[in-house]
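Read left to right, the sequence shown gives residues -9 to 372 (the working numbering). Ideal placement from N, C-alpha and C gives every residue a C-beta, glycine not left out. Nothing here was measured: the structure is a model prediction, and the numbers come from that model. The structure appears right after this line, and notes come after that.
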Amino acid sequence: MTAAATKPISDCGVGFATPEARWARLGPYYAMFPFSFAQDAIDRFTRPGDLVLDPFCGRGTAPYAAMVAGRDALACEINPVAWVYAATKTAPAPDPETVKYRIGEIAESTLPEDREPRSEFQSLAFCQTVLGFLHAARRELRWRYDTIDRTVAALILHYLHSKIPQGLSNQMRHCRSMSPLYCVRWWNENGYETPPEVDPVSFLNTRVDWRYQKGIPLRSHNSGVTVALGDSATNLGQATQLARLVVTSPPYSGVTDYKADSWLRLWAIGEGPPLPKWDSKQKHVDLAAYRKMLCRVLSATGQRAHPDAAWLVRCDARERTFDVVLPILAEIASGRDVDVTPAPFRRPTQTSLYGDRASKPGEMDLLVLPRAMTDQPTARAG
Ligand SMILES: C[S@@+](CC[C@H](N)C(=O)[O-])C[C@H]1O[C@@H](n2cnc3c(N)ncnc32)[C@H](O)[C@@H]1O
-9 MTAAATKPIS
1 DCGVGFATPE
11 ARWARLGPYY
21 AMFPFSFAQD
31 AIDRFTRPGD
41 LVLDPFCGRG
51 TAPYAAMVAG
61 RDALACEINP
71 VAWVYAATKT
81 APAPDPETVK
91 YRIGEIAEST
101 LPEDREPRSE
111 FQSLAFCQTV
121 LGFLHAARRE
131 LRWRYDTIDR
141 TVAALILHYL
151 HSKIPQGLSN
161 QMRHCRSMSP
171 LYCVRWWNEN
181 GYETPPEVDP
191 VSFLNTRVDW
201 RYQKGIPLRS
211 HNSGVTVALG
221 DSATNLGQAT
231 QLARLVVTSP
241 PYSGVTDYKA
251 DSWLRLWAIG
261 EGPPLPKWDS
271 KQKHVDLAAY
281 RKMLCRVLSA
291 TGQRAHPDAA
301 WLVRCDARER
311 TFDVVLPILA
321 EIASGRDVDV
331 TPAPFRRPTQ
341 TSLYGDRASK
351 PGEMDLLVLP
361 RAMTDQPTAR
371 AG
């Protein structure tokens, strides 16, 4: 098969000039792959109308890139925060006025007790107006079922915590939620004992106006995009069309399970307790369980992919991830080679920005070509 993109895909990785670019980066999330990574693979291995599949879709980079390129997409994500981002950016509420109206309704439904902090963390993290709004939003928003509510939820999650004055919170990191104990200690030691006064309605309305200013991303043909919420091993649905490209990046063993990193955002959509109680050390460290999870998900993915589909999997170069992913993919490739190309970090990683100086060997791209393309020269490392 020769890959053919009939029209160039607008570059959503830079700037905010087009609706596609403006919505592409909705949703701070830990360990996303670059838009260009998905875009290049879609360009190279698919034609308009083909199905692109990502069983670990995170904030939806791959299905979004597929959609703006006029491809169909099937994606799945188990973390509700990432799913809200992915489902919103591939199908935002069409009319910004309905989003702003709903934000007003949430504010009006705030009860006096919603404004009361339920922990020291809450009293330092948010002013009472924001806290009241968040408690009301947790109670009211039907983000699983309603596009407008989901769009409101996505915007709340995007701006939930950040540097003052870019978010609704006291001074915090944008991408990851740090532990409540760490935050409280840091605020007290650094002179942030009082959260900033923010009016959540005018704050969010301004962001709605900005996000919608250029419009919403258009699907370039009648593309079908499905982003499922849940475990990909059981939620990829029945085959109506087989994917021509699987482009994905699994969780990395020993790095994160995406729960502790997003605990505050999970709480904000009613998916977690006010303070994290689960074991935040669960980072896919149990290798047998990690292998089993990957086998289940990738074999379910194989059922939804064409036998000759291209597979591109970005994974951690460290052996506890790489050595697990490679043989599973080799088995799925059934006779085709798996080309391995190092993809070293070009910029400081999120963890190193936050002080983790541990050696980072980078990432690996594992590529299985469609049979018709296997004569083309590729960089083979293994
Ligand atoms: C490396 S991240 C993917 C990031 C994504 N490429 C992006 O650009 O946002 C891996 C994702 O897989 C999700 N995940 C882990 N196990 C899963 C499962 N069994 N089914 C679906 N998603 C899963 C995690 O929640 C996480 O969001």
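- Count the CB pairs spanning the segment 61 to 73 and the segment 218 to 225 that are closer than 8 Å, and state whether there are at least three. At 8 Å Cβ cutoff, the stretches touch.
- Candidates Trp301, Asp247, Trp257, of which the one nearest Ala21 by Cα: In the sequence shown, counting from the first residue as 1, residue 21 sits at position 31. The candidate whose alpha carbon is nearest that of Ala21 is Asp247.
- Task: In the DSSP assignment, find the alpha helix (DSSP H) that holds Ala28 and state where it starts and stops.
- Result: The residue labelled residue 28 in the question sits at position 38 within the sequence shown. Where Ala28 is concerned, the enclosing alpha helix (DSSP H) stretches over 25 to 35.
- Alpha carbon of Leu256 to alpha carbon of Gly262, nearest angstrom: Against the sequence shown, residue 256 aligns to sequence position 266. Against the sequence shown, residue 262 aligns to sequence position 272. About 5 Å.
- Task: Counting only runs of 4+ residues fully inside the segment 270 to 344, write out the alpha helix (DSSP H) ranges in chain order.
- Result: Fully enclosed alpha helix (DSSP H) runs of 4 or longer: 277 to 293, 309 to 323, 340 to 343.
- Task: Specify the secondary structure class of Val237 as computed by DSSP and reduced to three states.
- Result: What you label residue 237 is simply residue 247 of the sequence shown in a count that begins at 1. Look at Val237 here: in three-state DSSP terms it is strand.
- Item | Option nearest Cys117 by Cα separation, candidates Pro102, Leu158, Trp253, Ala83 | Reading the sequence shown from its first residue, position 127 is the one you call residue 117. Relative to Cys117, the option among Pro102, Leu158, Trp253, Ala83 whose CA is nearest is Leu158.
- Span separating the alpha-carbon of Thr216 from that of Thr36: Numbered from 1 along the sequence shown, position 226 holds the residue referred to as residue 216. Numbered from 1 along the sequence shown, position 46 holds the residue referred to as residue 36. If you draw a straight line from the Cα of Thr216 to the Cα of Thr36, it comes to about 18 Å.
- For Leu238, count neighbouring C-beta atoms within 10 Å of its own C-beta (all shown protein chains included) and say buried if the count is 16 or more, exposed if not. Your numbering for residue 238 matches position 248 in the sequence shown. Note that residue 238 is Thr in the sequence shown, not Leu. It is buried - the Cβ of Thr238 has at least 16 other Cβ atoms within 10 Å.
- Message: Once DSSP output is grouped into helix, strand and coil, what is the label at Ser152?
- Response: Against the sequence shown, residue 152 aligns to sequence position 162. Of the three classes helix, strand and coil, the one that applies to Ser152 here is strand, per DSSP.
- Based on Cα-Cα distance, which residue from Gly244, Trp200, Ala81 lies nearest to Arg134? Counted from its first residue, the sequence shown places residue 134 at position 144. Put simply, of Gly244, Trp200, Ala81 the residue whose alpha carbon is nearest the alpha carbon of Arg134 is Ala81.
- Item | Cys117 Cβ short of 7 Å to ligand 1 heavy atom set | Counting from 1 along the sequence shown, the entry for residue 117 is found at position 127. Not under cutoff, so the answer is no.
- Message: By DSSP's criteria, Met354 is part of a beta bridge. Which residues make up the other side?
- Response: As a first step, residue 354 must be located in the sequence shown, where it is residue number 364. DSSP output for Met354 lists Cys305, Pro332 as bridge partner(s).
- Query: So, is Pro241 buried or exposed, given that buried needs 16 or more other C-beta atoms within 10 angstroms?
  - Reply: For this step, residue 241 is matched to residue 251 along the sequence shown. Pro241 should be labelled buried.
- Message: Any heavy atom of ligand 1 inside 7 Å of the beta-carbon of Cys47?
- Response: What you label residue 47 is simply residue 57 of the sequence shown in a count that begins at 1. Cys47: yes, Cβ under 7 Å from ligand 1.
- Report the three-state DSSP secondary structure of Asp346 (helix, strand or coil). As a first step, residue 346 must be located in the sequence shown, where it is residue number 356. With a pLDDT of only 49 at Asp346, under 50, the local geometry of the prediction cannot be trusted, and the value read off the model is given with reservation. Looking at Asp346 - three-state DSSP - the assignment turns out to be coil, as it is neither helix nor strand.
- Output the distance between the C-alpha atoms of Leu226 and Pro45, rounded to the nearest integer angstrom. Position 236 of the sequence shown, counted from the first residue, corresponds to residue 226. Position 55 of the sequence shown, counted from the first residue, corresponds to residue 45. The alpha-carbon of Leu226 is positioned some 8 Å away from that of Pro45.
- Item | Check whether Pro190 and Val287 have beta carbons under 8 Å apart | Counted from its first residue, the sequence shown places residue 190 at position 200. Counted from its first residue, the sequence shown places residue 287 at position 297. No, the Cβ-Cβ distance between Pro190 and Val287 is not below 8 Å.
- Starting from Cys66, follow its DSSP beta bridges and name the residues at the other end. Counted from its first residue, the sequence shown places residue 66 at position 76. Answer is Ala218, bridged to Cys66.
- Alpha-carbon spacing of His274 relative to Leu319, whole angstroms: Numbered from 1 along the sequence shown, position 284 holds the residue referred to as residue 274. Numbered from 1 along the sequence shown, position 329 holds the residue referred to as residue 319. If I take the Cα positions, the gap works out to 19 Å.
- Neighbourhood of Pro419 by C-beta distance below 8 Å, restricted to the same chain and skipping five residues each side: Missing from the structure shown is residue 419; the chain here goes from -9 to 372 and no further.
- Query: For Ser243, does the count of other Cβ atoms within 10 angstroms reach 16, so buried, or fall short, so exposed?
  - Reply: Taking the sequence shown and counting its residues from 1, the one referred to as residue 243 is at position 253. It is buried - the Cβ of Ser243 has at least 16 other Cβ atoms within 10 Å.
- Task: Classify Trp13 as buried or exposed, calling it buried when 16 or more other Cβ atoms lie within 10 Å of its own Cβ.
- Result: Indexing the sequence shown from 1 puts residue 13 at position 23. It counts as buried.
- Message: If the criterion is Cβ atoms closer than 8 Å, does the pair Ala28 and Thr51 meet it?
- Response: Taking the sequence shown and counting its residues from 1, one reaches residue 28 at position 38. Taking the sequence shown and counting its residues from 1, one reaches residue 51 at position 61. Yes. Within cutoff.
- Applying the criterion that 16 or more other CB atoms from any shown protein chain within 10 Å of the CB defines a buried residue, is Ser384 buried or exposed? With the chain represented from -9 up to 372, any question about residue 384 goes unanswered, as that position is not in the structure.
- Query: Taking only runs of the alpha helix (DSSP H) that begin and end inside the segment 45 to 89, which ones reach a length of at least 4 residues, in chain order?
  - Reply: Listed in chain order, they are 51 to 58, 70 to 80.
- Anyone know if the C-beta pair for Val303 and Val315 falls short of 8 Å? Within the sequence shown, residue 303 is the residue found at index 313, counting from 1. Within the sequence shown, residue 315 is the residue found at index 325, counting from 1. Between Val303 and Val315, the C-beta spacing is below 8 Å.
- Any chance you could list the beta strand (DSSP E) runs of at least 3 consecutive residues sitting entirely within the segment 98 to 161, in chain order? Taken in chain order, the segment 98 to 161 contains no complete beta strand (DSSP E) segment of 3 residues or longer.
- Task: Could you tell me which residues DSSP pairs with Val188 in its beta bridges?
- Result: Position 198 of the sequence shown, counting from 1, holds the residue named residue 188. Paired residues: none, contrary to the question.
- Query: Between Ala77 and ligand 1, is the CB less than 7 Å from at least one heavy atom?
  - Reply: By one-based count along the sequence shown, residue 77 stands at place 87. Taking non-hydrogen atoms of ligand 1 into account, the C-beta of Ala77 is found less than 7 Å away from none of them.
- Item | Straight-line gap, Cys165 to Leu254 (C-alpha atoms, nearest Å) | Counted from its first residue, the sequence shown places residue 165 at position 175. Counted from its first residue, the sequence shown places residue 254 at position 264. Each residue's Cα considered, the two are about 11 Å apart.
- Nearest to Leu64 (by Cα), restricted to the options Ile138, Gly205, Ala229, Leu150: The residue you call residue 64 lines up with position 74 of the sequence shown. Nearest to Leu64 by alpha-carbon distance, out of Ile138, Gly205, Ala229, Leu150, is Ala229.
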